[in-house]
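Chains as they are written, first to last, in our numbering: chain A, 1 to 234; chain B, 1001 to 1333; chain C, 2001 to 2308; chain D, 3001 to 3365; chain E, 4001 to 4250. Glycine included, each C-beta is placed from N, C-alpha and C at the ideal position.
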Ligand SMILES: Nc1ncnc2c1ncn2[C@@H]1O[C@H](COP(=O)(O)OP(=O)(O)OP(=O)(O)O)[C@@H](O)[C@H]1O
Ligand SMILES: Nc1ncnc2c1ncn2[C@@H]1O[C@H](COP(=O)(O)OP(=O)(O)OP(=O)(O)O)[C@@H](O)[C@H]1O
Ligand SMILES: [Mg+2]
Ligand SMILES: [Mg+2]
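Right, dumping it as C-alpha cells:
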C-alpha cells in the first residue's frame, strides 16, 4: 500500500535523511523506531510532503501510495490520497473549538464520525465547545488523534500519538489500534512504548542518524528480542 | 596543540567576522563623512541637507529597530518622539532659550516622560495591538501639536535661528551641524550594537521570541521592554532636536502616522534586527525616493513595485544582502 | 442640545458605524480571520469606487456598473494575490506591511495617473435617489438606508461564513497552522486565494457603495484604512461580532465627540480655547477610545479564544 | 544665458489638482510668450512638494542650489510655504507664491524676496463677511476643517461681520461623513452656512448638504469649496451656491476672455483661480525681466520691477502693497451651469474695490 | 523533616463552570520528590500554572520559601528560586541551544540591566550552561539553533533550562514526555541524584519514572486530591487504579 524507496531529505541544505526505505501493506502495522533526533519525524514529513513547510526539502527517493506516485506532492494531495496524520506535538488548531477541530478537515466515507470519536474519547465530548488551545496536553493529544480519524484514512500515521496520555488511556489506545488493525486498517506508528509496539506491529524499521540500521518483521524481532534495546541503547 | 591552534584560528575568524559585520556601515559612514566635500562639487546645500535628513532618519530608524528587531515591539508611533524633540527645540528657540545645553536635556526629559507613560500603558499589549496603541498615542500627540496655535498650528513653525552650543554659534554653519549629526549617528549605531550583544539585549531578544519563558526564568519582561522603549524614544527625541535645527522648521507632519510608517518601512526594508539594517534601510529609502522623484512625478509607479520586489526577493532585507556580499568577499580575500 | 438633535446624532453615529463596518469588512476577513496584514485594503476600496465610476461611464446604469466593478475588483484582487500576496502568507507580518505598502503607492498613483487628481463622483441610482423627512427640516436619503441595509447584510453574511461554515473553520485553522490544514487534506493555498479574492471584492463593494456619498479620489482609502484597523483592534482580532460592535462604538464616539466635545470644553475653558481644544479632542477621541479599551482589555473587546 | 524658473507646487494626491492648474496656467502664459521672457529663453522646472514639508524643503534646496533658479514659484499650501520660506529668501532668490498667502509673512515677517500674486488667505472670507453684513444676515453657521487655514477664515469672516455666529464648527481634516454637522445645521436657526471646505471635503459636503434638503432652507456661502477644481464632481448639487474670491472665469475683460478660451482649448477643462494666478505669475515675472533688460544680477532692480507689477492682470486692477501682497478687487461668485454643460463660478457682485489686507501695516518694508 | 519549601493551601481555580482546581492543599519538602499524577485534564498543569504565577488562583494561598507568593508575578517567583518546565515545550527557538541555557544561568547571576559587554563571551554563564546541557545529554548540540532540534531534543533542552536556573525547587510538568527511552532512563538517574539537593514536584504520566523517583505521590482527579501517600500505597489504591492507572498496572 505505502512504499517508500530511498527517501532522502534535508533541512536548509543540511541532509537529515539518507536513502530510507519502508513499506506498509494492507492491514499492516509498521513502526519507525530510533532515539531522539534520528529522523523518524523527518521520514514522515518527507513522505507527507511537509518538508517545504519547515524549511526543508526532499532530495531523493520515491513515495508510492496505493499505486500512485506521490513523491514531492503537496501535502494536501498526500492526505487526500488517504493518509491521516497525527503529528508530533499535537498541532491542534488553537482558535477552533474541539468540535470544529474535528469537523473542519473531516472526510466522509468510513467508520469514523463525530459520534464514534466522542465514544472513543468521552473527555472530548465534555469539552467540545472549548477552544483547543485551552485543552490540557493530554486532551489535545486525544483531539489530534480524533482529528486524524475523522478523515477516515486508509493509512493512519501516528507520530508519538500517546505522548502525555494517562496510562489508562494509553492502554486503551493500543487496544483500539489492535482492533483497527484486525478490521483491516493500515498503520504507521512512531512511539517510545516499545513493549506495546512489539505486540502490535508486523514490521519494524530502526533509524539512526537518518539511516536505516535495522529492519525486520515481527518474527525477526522474536528471534532476536534484544535488537531493539541494542539499537536504542538501553 | 590542536586545541590551541583551533582557538587561534577561530579567534582570528571572529575578528574578521566582527569587522565583516560592520563593514557595510563603516563604508556608509566613510562616504557620509565625505558628504560636505562632495557638496562643494555638486549640489551644494541641497546635497548636504539631503544627507543630513537621511542621517537623522537613520538615527530614528536605528532606535526603532532596537524596538522592532530586538524587542519585537513594532511601534507605529515612533515619529512622535522625533516630533517631541523637534517641538521642544522649536518652542525653546522661539522663546529665546536657544542653547543646546538647555534644549537637549529638556528634550531628553520630555521623551523619557512620554516614553515611560505611553510605554507603560502600551506594553500591556503586544503584537498588532501594540502597533495600534502606539499609533493612538502618536495620533494624540499629532493632534495636540496641530492645535498649538501659538506655535503655528498645523502650518508649522519657522525657526528664525538655530541653536547655539554653550553660547557659541556653531550650528549656523551647515558643515558643523553636518558633522554633529554624523557623530550622533555613529554613536547611535554603536550604542544599539553594544546593547544588542549585552545581557540586556539578550533578554530583550529572548522576550521577543518567547516572553512566557523569559518571565518564567525570572526576568520582568515588562521592565526590560520599557527600558528599551525609553532608550529608543530618547534617541529619536535627540534626532528630533537636530532635525528642527537642520530644517529650521517644525511642523506636526513630523509626527504624523505616515512618518512613523516610513520609519517602519526603513527598518523592514533594511532588514529587521540586523546590525546594519535600519541604517541601510534609511539611506536606501531616502536616496531612492529622492532619485526617483527627480526623474518623474509619477515615481511611485516605480517605487511601489520596487518595494514589493525587494520583499519578495531580498527576504533578509538590504542588510542581509549586504552581509552575503561581504561574506563572499571575505572568503575570496 | 435638544433631545431630538441628540437622537438624530445617535442615529448618525450608528449609521457611520455601519458604514465603517462595511468598509472594514474585507479587512476583518483577510486580516482579522486569515491573519494577513493587508494594508492594500484601503486602495482596494478605492479601486472599487473608481471601477464603478468607470463602468458607470460606459453603462450609465448603477447596478450594472456595480456588478462589473465587483467582478473587476475580484479579478484585480486575485491578480494581486497571485503575483504578490501568496508568497507572503508565511512571512513575517512586517514583510506583509512593506509589500502591501508598495501596492498602495502603486495603485494610488495609478489611479491619479489614469483618472486625474480631481475628485470624481458616482451618481446615486435613480430608484434610490429620494429622501424622506426625518424631522422637520431634515431629509434623510434613501440611499443611506440602502447602505445601512447592505452593511448589516454583510455583517450577517460574514458572521455566518466565518463562524458556522466549514470554510470559515478552515480559514481560522489555516491562519494558525496552514501546514497542518494542508497535511489533513485541504488545499490551503487555494482556500486562501478564494478568501483573499472575496476580501478584495468586499473592499470593492464598500468602495462602490460609498462612492455616491463620498467623493472618489486618489488616496480616498488611506485614512479609512487606519480607522478600519482601529475598528478591528477594538473589537478583538478575529471576531466578526467584535468588529461590528466596535464599528458602531467608533461611529457613535466619533459623531457624538464632534458634536459635543467643543460644548463640553466650553464648560471648562473660554470660548476661543474651547474652539481650539474641542475639535482637537474630537479628532483624538477614537484613538483615546482605542487606547482605553486596550488598557483594560489588551486583546480587544471580544478576543478570539486561543489566540497566541 | 537663459532665465530659470522653478515651480514648487503640490502635484501628488487629490490636492495635486490645485498645483496642476497652477502649472498649466503658468505654462500657457509661457507659451503665449513664445517660451521667452525679456527676449531670453526660459527654463521652467516643476517640482512636486507632495504636501510634505520635508519634501518641499528638499525640493526647494534642489531648485536653489542645484538648478540655481532665478525665481521660485510656490507654493499652493501655507504649510509648505512655511517650510521653504526661510531657505529660499535667505538665498536671496525671489519666492513668488501663486496661491498660499498666510498672514505669517504679511506682517512683521514680510520679506523683500517674497511676493504673493493671489491674496492674503483671510481675504476671501473677509469678502464673505462683508457681503453677509451688507446683505443683512443676522445668524451665521460657520464650518471649517480643524487646521490653521480654517481658523484664519473664521477670523477673516468676523472682521466685517457683526451678526451672530450661532455655531462655529471644526471637522477633522479630510472629513468624510457630514451627517452630524448637517443635523446641527438643521437644528440651528442660522440663515446661512459659511464654509471653507477645500477639495474632496467640499465635494462631500455639497452633495450631503443638498441630499439632506438643507439647500432649500439655508444659503450656502463658501470660499475654496465650490470652485473649478471641485465643480466637475459637484455638478448640479453646487449650482446656485456662493463663493468668494478675486476672480471668476466669466470676468469680463478681453484678456480674460482670451485666456479662458485658450486654456480650455489647450487643457480641456475650465480654469479656476489657481490657473489664473499661475498665468499672472508668469506675466509678472516676464514684466520684471523685461523691465531690467534681462539682467537679473541686480536684485534691488528686479525687486523694484516686480513690485511695479507692470502687466495686465487677468483680473483687471492689480498692484502690490508694501508687503508684496496684492491690492485687488473681490467678488461674490455663484455656481452656474454653462450652455455647454460645464460648470463654472460667475460673478454676482463686486464686494471690495482695490482691497488690501490688514497685516500690511505691521510690515516694515 | 524540615518545613516545606512549597506549600499550597486550599487552592481553587475554575474556568467558567469547570472546576480545574478544587481545594488543593499540598506541599513539597526539602529532599523529596513529590509526584502528582492524575487523568488527562485533571488539573495538574493548571495547578503548576498557579504555583508559577501564570494563572491566579480564585482562592487559597501559595507559600514558597517561607513567603506568601500568591500575588507575586512569575518572574518574582523565579527569582526566589522556583524553576519550572513546561508541558508544551517553551524555549527560545531562535537562540542556539547554548544561549537558551546561558540565558537561564544569567537570570540567577547578577543584574541583567547591563547594557555593555558581550553576554555571549561571559564564560561563567556558558560554563554553567554546558554543565546543564551535559546532564541532559545535549552538549553536542550546543551550537544548533534550538528551533531546529527534534521534538525529543527540545524536551531535553526544556529541562536543561530549568536545571541551569540553579533552583531551590523544581516544578516539572511531564519532563519525560516525548523523550526516548534512553533519554528517559538517563533523566531518571539524574533526577534521583538531584532531588536530595533540589526538591522536585513532578507531574508525569510515565509510571516507570514516577515509581522510580517519587517519595510521595498525590493523585488529582477532577481538580481534587483523591489520594496522597507513599508510592506503594497509591499503586495499590483501587480508586486510583480505576481512575488512572488501569487494572493491569503493577
Ligand atoms: N525544522 C527543522 N529544521 C532543521 N533541522 C531539523 C528540523 N527538524 C528536525 N531537524 C533535525 O533533523 C534531525 C532529525 O529530526 P527528527 O525530528 O526527524 O527526529 P526524530 O527521530 O523524530 O526525533 P524525536 O524522537 O526527538 O522526535 C535532527 O537532528 C533535527 O535536529
Ligand atoms: N484557559 C482555560 N479555559 C478553560 N478551560 C481550561 C483552560 N485551561 C485548562 N482548561 C481545562 O481545565 C482542565 C485541566 O487542565 P490541565 O491542563 O490542568 O490538565 P492536566 O491535568 O495537566 O492534564 P494533562 O495530563 O492532559 O496535561 C482541562 O479539562 C482543560 O480543558
Ligand atoms: Mg519526532
Ligand atoms: Mg498537563
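Taking the C-alpha atoms as reference points, what is the distance between residue 2310 (chain C) and residue 2209 (chain C)? Because chain C in this structure spans residues 2001 to 2308, residue 2310 (chain C) falls outside the shown range and cannot be described.
By Cβ distance, which residues of its chain are closer than 8 Å to residue 3002 (chain D), with the 5 residues on each side in sequence left out? Counting from 1 along the fourth chain, the entry for residue 3002 (chain D) is found at position 2. Closer than 8 Å at Cβ, skipping near neighbours: 3040, 3041, 3042, 3043.
Can we say the region 1048-1061 of chain B touches the region 1177-1189 of chain B, given the rule of at least three CB pairs closer than 8 Å? yes
Identify every residue that forms a DSSP beta bridge with residue 84 (chain A). Counting from one through the first chain, the residue named residue 84 (chain A) turns up at place 84. Paired residues: A:156.
Does the contact criterion of 3 or more C-beta pairs under 8 Å hold for the region 4007-4015 of chain E versus the region 4185-4194 of chain E? no
Nearest-angstrom beta carbon gap, residue 186 (chain A) and residue 155 (chain A) [assumed within contact, 8 Å]: Looking up residue 155 (chain A) in the first chain gives position 155. Looking up residue 186 (chain A) in the first chain gives position 186. Residue 155 (chain A) to residue 186 (chain A), Cβ: 5 Å. Contact.
If I follow the unbroken alpha helix (DSSP H) through residue 229 (chain A), where does it start and stop? By one-based count along the first chain, residue 229 (chain A) stands at place 229. Note, residue 229 (chain A): alpha helix (DSSP H), 227-231.
Host alpha helix (DSSP H) of residue 4190 (chain E) (start-end): Start at 1 with the first residue of the fifth chain, and residue 4190 (chain E) comes out as number 190. Per DSSP, residue 4190 (chain E) belongs to the alpha helix (DSSP H) from 4181-4194.
Which runs of the alpha helix (DSSP H) at least 4 residues long sit entirely within the region 2133-2174 of chain C? Give them in chain order. 2142-2164
Report all residues from its chain with a CB closer than 7 Å to the CB of residue 1239 (chain B); omit the five preceding and five following residues, and keep chain order. Position 239 of the second chain holds residue 1239 (chain B). These residues qualify, in order along the chain: 1056, 1059, 1060, 1082, 1085.
Leaving out five residues on either side along the sequence, give the residues of the same chain with a beta carbon under 7 Å from the beta carbon of residue 24 (chain A). Start at 1 with the first residue of the first chain, and residue 24 (chain A) comes out as number 24. Within the same chain, residue 24 (chain A) has close Cβ partners 1, 2, 30, 155, 186, 188.
When every heavy atom of ligand 1 is checked, does at least one fall within less than 7 Å of the C-beta of residue 41 (chain A)? As a working note, residue 41 (chain A) is residue 41 in the first chain. Yes, the beta carbon of residue 41 (chain A) sits closer than 7 Å to at least one heavy atom of ligand 1.
Looking at C-alpha atoms only, which residue of A:198, A:93, A:15, A:70 is the closest neighbour of residue 131 (chain A)? Here residue 131 (chain A) refers to the residue found at position 131 of the first chain. It is A:93.
Give the residues from the region 2085-2115 of chain C that approach chain B closer than 9 Å (Cβ to any Cβ), ordered along the chain. 2087, 2088, 2091, 2092, 2093, 2094, 2095, 2096, 2097, 2098, 2099, 2100, 2101, 2102, 2103, 2104, 2105, 2106, 2107, 2108, 2109, 2110, 2112, 2113
Just to be sure I understand the criterion: a residue counts if its Cβ is closer than 5 Å to at least one heavy atom of ligand 2. Which residues meet that? A:134, A:135, A:136, A:137, A:138, E:4015, E:4020, E:4040, E:4041, E:4042, E:4043, E:4044, E:4045, E:4046
For residue 4050 (chain E), verify whether its CB is less than 7 Å away from any heavy atom of ligand 4. Here residue 4050 (chain E) refers to the residue found at position 50 when the fifth chain is read from its first residue. Not so, every heavy atom of ligand 4 lies at least 7 Å from the Cβ.
Residue 4154 (chain E) classed as buried or exposed, judged by whether at least 16 other C-beta atoms fall within 10 angstroms: Mapped onto the fifth chain, residue 4154 (chain E) falls at position 154. It counts as buried.
Among the candidates D:3191, D:3223, D:3229, whose CA atom is the shortest distance from the CA of residue 3242 (chain D)? What you label residue 3242 (chain D) is simply residue 242 of the fourth chain in a count that begins at 1. The option with the nearest alpha carbon to residue 3242 (chain D) is D:3223.
Quick one, which of B:1136, B:1196, B:1164, B:1265 has its alpha-carbon nearest residue 2097 (chain C)'s? Counted from its first residue, the third chain places residue 2097 (chain C) at position 97. The candidate whose alpha carbon is nearest that of residue 2097 (chain C) is B:1265.
Residue 4040 (chain E) versus residue 2163 (chain C): straight-line alpha-carbon distance, rounded: On the fifth chain, position 40 is the one that residue 4040 (chain E) refers to. On the third chain, position 163 is the one that residue 2163 (chain C) refers to. About 28 Å.
Give the interface partners of residue 2015 (chain C) over in chain D, defined as CB-CB distance under 7 Å, in chain order. As a position in the third chain, residue 2015 (chain C) is number 15, starting the count at 1. 3179, listed in chain order.
Leaving aside the five residues before and after residue 2277 (chain C) along the sequence, list all residues of the same chain whose C-beta is less than 6 Å from its C-beta, in chain order. Taking the first residue of the third chain as 1, we reach residue 2277 (chain C) at position 277. Excluding sequence neighbours, residue 2277 (chain C) sits near 2265.
Kindly list the residues whose CB is nearer than 7 Å to the CB of residue 1087 (chain B), restricted to its own chain and excluding five residues on each side of it in sequence; keep chain order. To locate residue 1087 (chain B), count along the second chain from 1; it is residue 87. Excluding sequence neighbours, residue 1087 (chain B) sits near 1145, 1250.
In whole angstroms, what is the alpha-carbon distance linking residue 4169 (chain E) and residue 4083 (chain E)? For the purposes of this step, residue 4169 (chain E) is identified with residue 169 of the fifth chain, where counting begins at 1. For the purposes of this step, residue 4083 (chain E) is identified with residue 83 of the fifth chain, where counting begins at 1. Using only the alpha carbons, I get a separation of about 6 Å.
When you compare only the Cα positions, how much space is there between residue 4059 (chain E) and residue 2032 (chain C)? In the fifth chain, the residue the question calls residue 4059 (chain E) occupies position 59. In the third chain, the residue the question calls residue 2032 (chain C) occupies position 32. Answer to the nearest angstrom: the Cα atoms are 36 Å apart.
Using a Cβ-Cβ cut-off of less than 8 Å, give me the residues of the region 1207-1218 of chain B that come near chain E, in sequence order. 1209, 1210, 1212, 1213, 1214, 1215, 1216, 1217, 1218
Residue 2186 (chain C): contacting residues in chain A (beta-carbon distance under 9 Å): Mapped onto the third chain, residue 2186 (chain C) falls at position 186. Neighbours of residue 2186 (chain C) on chain A, chain order: 76, 79, 80, 104, 105.
When the Cα atoms are used, what is the spatial distance from residue 1097 (chain B) to residue 1107 (chain B)? In the second chain, residue 1097 (chain B) corresponds to position 97, counting from 1. In the second chain, residue 1107 (chain B) corresponds to position 107, counting from 1. For residue 1097 (chain B) and residue 1107 (chain B), the distance between alpha carbons rounds to 13 Å.
Interface residues of chain E facing residue 118 (chain A) [CB-CB closer than 9 Å]: In the first chain, residue 118 (chain A) corresponds to position 118, counting from 1. By Cβ distance, chain E contributes nothing, its closest Cβ being about 15 Å from residue 118 (chain A), past 9 Å.
Since I believe residue 3213 (chain D) is in contact with residue 2138 (chain C) (beta carbons under 8 Å), could you give me their beta-carbon distance rounded to a whole number of angstroms? As a position in the third chain, residue 2138 (chain C) is number 138, starting the count at 1. As a position in the fourth chain, residue 3213 (chain D) is number 213, starting the count at 1. That belief holds up - the Cβ atoms of residue 2138 (chain C) and residue 3213 (chain D) are roughly 7 Å apart, short of 8 Å.
C-beta atoms of residue 4199 (chain E) and residue 4029 (chain E) nearer than 8 Å: Your numbering for residue 4199 (chain E) matches position 199 in the fifth chain. Your numbering for residue 4029 (chain E) matches position 29 in the fifth chain. Yes, they are a contact pair.
DSSP on residue 2106 (chain C), reduced to helix/strand/coil? Here residue 2106 (chain C) refers to the residue found at position 106 when the third chain is read from its first residue. It is helical.
Looking only at C-alpha atoms, which of E:4018, E:4007, E:4034 sits nearest to residue 4227 (chain E)? Stepping through the fifth chain from its first residue, residue 4227 (chain E) is reached at position 227. Ranking the options by Cα distance to residue 4227 (chain E), first place goes to E:4034.
Can residue 4151 (chain E) be considered in contact with ligand 3, in the sense that its beta carbon sits closer than 7 Å to one or more heavy atoms? Stepping through the fifth chain from its first residue, residue 4151 (chain E) is reached at position 151. Result yes, Cβ under 7 Å from ligand 3.
When DSSP builds the beta bridges, which residues end up paired with residue 1297 (chain B)? Taking the second chain and counting its residues from 1, the one referred to as residue 1297 (chain B) is at position 297. Answer is none; residue 1297 (chain B) lacks a bridge partner.
Any non-hydrogen atom of ligand 4 closer than 7 Å to residue 4058 (chain E) Cβ: Within the fifth chain, numbered from 1, the residue matching residue 4058 (chain E) stands at position 58. Because no heavy atom of ligand 4 lies under 7 Å away, the Cβ of residue 4058 (chain E) does not count as near it: no.
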